[in-house]
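Okay, so here's the structure we're looking at.
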Amino acid sequence: MDEAPPPKRAKIVSEDIAKPIDNSIGNTMSGFKRDRHGNEKRFNNGPRPAPKPKVAVVRNAYTPMFEQLRNELDAHHDRRDRLGKVSRDVTGLSKKIVRTINPDLPPQIQAEVDSRLAEISKLLATMAPDVQGINRYRYSRSLMCLEELAEALTFAHYLKTQTLLKPDELSAFVEELTRKGAAVSEEKDEDKDEPMPDAGNTPVPASGEQETTSDDPKPTEKEEQPKPEPLIMSTTEDDYFYGVFDLSGEMMRFATTSTALTGKMAGAEDERTIVEDMHELGSFFEMLPGKAGDRKQWEKKLDVMRQSVRKVERLGYDRKIRGSERPQGWVPDLTADQPGEDEEL
Amino acid sequence: MAPPMIDPALFDQLKDNIEKDSSIRKDLEQIIEELNQNVSYTQGVLTKIHSTSRSKYPALLSQVESGIKKELDTTTRLAQFASQYPYYKYNYKWGRTLQDAIATVLLCAWLGGMGSDSKPGEVGRLLTLEEVGEVFGAPVNLKDRDAFHITIEEYLLALISVVEDLSRLAMNSVTLGDTELAVQISGFIKDLHGGFQMLNLKNDILRKRVDSVKYAVKKVEDVVYDLSLRNLIPAKEAQ
Numbered sequence: 001m002d003e004a005p006p007p008k009r010a011k012i013v014s015e016d017i018a019k020p021i022d023n024s025i026g027n028t029m030s031g032f033k034r035d036r037h038g039n040e041k042r043f044n045n046g047p048r049p050a051p052k053p054k055v056a057v058v059r060n061a062y063t064p065m066f067e068q069l070r071n072e073l074d075a076h077h078d079r080r081d082r083l084g085k086v087s088r089d090v091t092g093l094s095k096k097i098v099r100t101i102n103p104d105l106p107p108q109i110q111a112e113v114d115s116r117l118a119e120i121s122k123l124l125a126t127m128a129p130d131v132q133g134i135n136r137y138r139y140s141r142s143l144m145c146l147e148e149l150a151e152a153l154t155f156a157h158y159l160k161t162q163t164l165l166k167p168d169e170l171s172a173f174v175e176e177l178t179r180k181g182a183a184v185s186e187e188k189d190e191d192k193d194e195p196m197p198d199a200g201n202t203p204v205p206a207s208g209e210q211e212t213t214s215d216d217p218k219p220t221e222k223e224e225q226p227k228p229e230p231l232i233m234s235t236t237e238d239d240y241f242y243g244v245f246d247l248s249g250e251m252m253r254f255a256t257t258s259t260a261l262t263g264k265m266a267g268a269e270d271e272r273t274i275v276e277d278m279h280e281l282g283s284f285f286e287m288l289p290g291k292a293g294d295r296k297q298w299e300k301k302l303d304v305m306r307q308s309v310r311k312v313e314r315l316g317y318d319r320k321i322r323g324s325e326r327p328q329g330w331v332p333d334l335t336a337d338q339p340g341e342d343e344e345l
Numbered sequence: 001m002a003p004p005m006i007d008p009a010l011f012d013q014l015k016d017n018i019e020k021d022s023s024i025r026k027d028l029e030q031i032i033e034e035l036n037q038n039v040s041y042t043q044g045v046l047t048k049i050h051s052t053s054r055s056k057y058p059a060l061l062s063q064v065e066s067g068i069k070k071e072l073d074t075t076t077r078l079a080q081f082a083s084q085y086p087y088y089k090y091n092y093k094w095g096r097t098l099q100d101a102i103a104t105v106l107l108c109a110w111l112g113g114m115g116s117d118s119k120p121g122e123v124g125r126l127l128t129l130e131e132v133g134e135v136f137g138a139p140v141n142l143k144d145r146d147a148f149h150i151t152i153e154e155y156l157l158a159l160i161s162v163v164e165d166l167s168r169l170a171m172n173s174v175t176l177g178d179t180e181l182a183v184q185i186s187g188f189i190k191d192l193h194g195g196f197q198m199l200n201l202k203n204d205i206l207r208k209r210v211d212s213v214k215y216a217v218k219k220v221e222d223v224v225y226d227l228s229l230r231n232l233i234p235a236k237e238a239q
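These protein sequences, in sequence, are chains Z and R.
According to UniProt numbering, the first sequence is numbered sequentially starting from 1.
According to UniProt numbering, the second sequence is numbered sequentially starting from 1.
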């Protein structure tokens, strides 16, 4: 009825009034655009065209090629999304470990750490199939959680032994975690039939090729081939480096709180204190040649670490100068000479 | 005496690894720089198509092919070198340059070059990812082992630059009086556009670049519109 623009103002008003009735008869469901007179806006060729179906029906010479490429890309995106999600969970758990370890390492905390690690190991096992072989570095960016895990593990190691965990010890530990996680979920699999994510995607040589052409992973496929050796999650040197960078922040925090609580520097009796350890860790990174891969991130982390070292050495100084004057529980004002720097990155 | 905080051997080991990594990167950069030069020469030759009529394509394309030959020599070296290391650790370094190299191959083939005995070159031929792999002598979309290869993303991104180039060629071919070519390009680009629509894109570089395909479509449609308005469309394409 209202295709033609009304010629006069008066007419428009009357049409405006008629509008609601028109509405109730016609498309009651969805809203529509109105022009400046309040009338329903028409598109050049009648009412708004229905949204186009996602896949055009028209096929041409290149359609099959694109279909194939699409399936490949979808598999890649699925893998990345899956990893990203699990990675966030592992990050969260790792952060919780760090928080609990912080004050001291009494048995109940050790128990909590162990239970978190058990959760993490299950998650790591689910990720492992997606990051085998060539895919390990492909999804490095989705695996930030390994840095956090490295931070938690190196920190726990430091608190227990007052030494720095080595990269091969770290990867051995993470591998072991994955293995345990795989064992646990395998047990569950038997009675609960829990779908392992994309079990078929493992790079069993030459079978991977056909696998990804079928779009959805088959959870049942796993039972067909008994796997003697579960897939493991590997860590890269970058995971280690950035984990250790974050370790310096945790050590700073630990030094601060433990000094405040106990009134003395954390460290072995009459030997090294955490101040010296921080200095050593600081020099360690200062002496290393800058990593060429992501220089910006490296520099940033290095800078944060320097701040942490400064904070702890100030702590040591304060203790020396007026350690006995301070009441227990007093926390030095560490923001005094380094305003606005947050240690958490 | 407690052990020191950091094992002295650890430092040397890590320092060593970082230095190795840096020298790998330096070597890679050198190869990539060489590839870059070859690619930009070939791209330069290819820009001449916009002012060359179709009858003179063969001479031009043989010049392009000799440029491509040099590209391939370099990519072979790149492949040998890169295959020693985890592919995705360094591939971001050469991705862009390799895409451009693939684009020169695709465009050259589309214009009728890159012919072989079994498959003679003809105008309008699109090389598939597998065929590109054959040209480069490299595997494509590799999954079962970790080595140098050509990825789907690189192929698609290269294809998008070819589309952009062809949309420009559509206009210039009309100027040169070759309306048939313009119409052919239009059909090709529209078909590809349909193909790109089918991809489920994430918010990444591919999505950004795929957007430019629709502007290419608009550009060639405008050209075809101008032609049809003046009855300049060759008879056999008219219906």
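Idealized CB from N, CA, C, for every residue including glycine.
Fair warning: this is a prediction, and the values are worked out from it, not measured in the lab.
Asked	Found
Heavy atom of the ligand MN less than 7 Å from the Cβ of residue 138 of chain Z, yes or no?	The model on display carries no ligand, and the ligand MN is accordingly not part of it.
Buried or exposed: which applies to residue 9 of chain R, given that a residue is buried once 16 or more other Cβ atoms fall within 10 Å of its Cβ?	exposed
Which of the three DSSP states, helix, strand or coil, is assigned to residue 126 of chain R?	coil
Give me whichever residues DSSP pairs with residue 111 of chain R in a beta bridge.	R:123
Using the beta-carbon of each residue, which ones in chain R are nearer than 8 Å to residue 62 of chain Z?	126, 191, 192, 194, 195
Given this structure, state the Cα-to-Cα distance separating residue 148 of chain R from residue 110 of chain Z, to the nearest angstrom.	45 Å
Any C-beta of chain R sitting closer than 8 Å to the C-beta of residue 157 of chain Z?	no
Residue 289 of chain Z touches chain R at which residues, Cβ-Cβ below 9 Å?	15, 18, 19, 22
Could you tell me which of R:34, R:35, R:63 sits nearest to residue 48 of chain R, measuring between CA atoms?	R:63
With DSSP as the reference, label residue 97 of chain Z as helix, strand or coil.	helix
Output needed for residue 209 of chain Z: all residues of its chain with C-beta closer than 8 Å, excluding positions within five of it in sequence on either side, in chain order.	Residue placement at residue 209 of chain Z cannot be trusted, given a pLDDT of 36 that sits under 50; the coordinates are not used to answer.
Specify the secondary structure class of residue 160 of chain R as computed by DSSP and reduced to three states.	helix
Of all the options Z:93, Z:127, Z:125, which has the alpha carbon lying nearest to the alpha carbon of residue 112 of chain Z?	Z:93
With a Cβ-Cβ cutoff of 8 Å, do residue 273 of chain Z and residue 171 of chain Z count as a contact?	no
Quick one, which residues of the stretch 83-115 of chain R are near chain Z if we go by CB-CB under 8 Å, in chain order?	86, 87, 88, 89
Below 8 Å between beta carbons: does that hold for residue 346 of chain Z and residue 119 of chain Z?	Within the shown structure, residues of chain Z are numbered from 1 to 345, placing residue 346 of chain Z beyond reach of any answer.
Let me confirm a value: residue 27 of chain Z is counted as buried when at least 16 other C-beta atoms fall within 10 Å, else exposed. Which label applies?	In this predicted model, residue 27 of chain Z has a pLDDT of only 43, less than 50, meaning its place in the structure is not dependable enough to derive any value.
Who are the neighbours of residue 58 of chain R on chain Z, taking C-beta pairs under 9 Å?	Result: empty, since nearest Cβ-Cβ is about 25 Å, beyond 9 Å.
So does the stretch 133-153 of chain Z actually touch the stretch 241-257 of chain Z, counting three or more Cβ pairs closer than 8 Å?	yes
Is the Cβ of residue 272 of chain Z closer than 8 Å to any Cβ of chain R?	yes
Kindly say whether residue 37 of chain Z, judged by its beta-carbon, lies nearer than 8 Å to any beta-carbon of chain R.	no
Is there a Cβ of chain Z sitting closer than 8 Å to that of residue 141 of chain R, yes or no?	yes
So with Cβ pairs under 8 Å, would you call residue 277 of chain Z a contact of chain R?	yes
From what residue to what residue does the alpha helix (DSSP H) around residue 115 of chain Z run?	107-127
What number of angstroms, rounded off, separates the C-alpha of residue 136 of chain R from the C-alpha of residue 3 of chain R?	54 Å
Count the other CB atoms, across all protein chains shown, that sit within 10 Å of the CB of residue 223 of chain R; report buried if there are 16 or more and exposed otherwise.	buried
In three-state DSSP terms, what is residue 150 of chain R?	strand
Mind checking residue 203 of chain R: buried by the 16 CB within 10 Å criterion, or exposed?	exposed
Less than 8 Å between the CB atoms is what I'm expecting for residue 110 of chain R and residue 133 of chain R, so what's the real figure, rounded?	Wrong, their Cβ atoms sit about 17 Å apart, outside the cutoff.
Would the beta-carbon of residue 177 of chain Z fall within 8 Å of that of residue 231 of chain Z?	no
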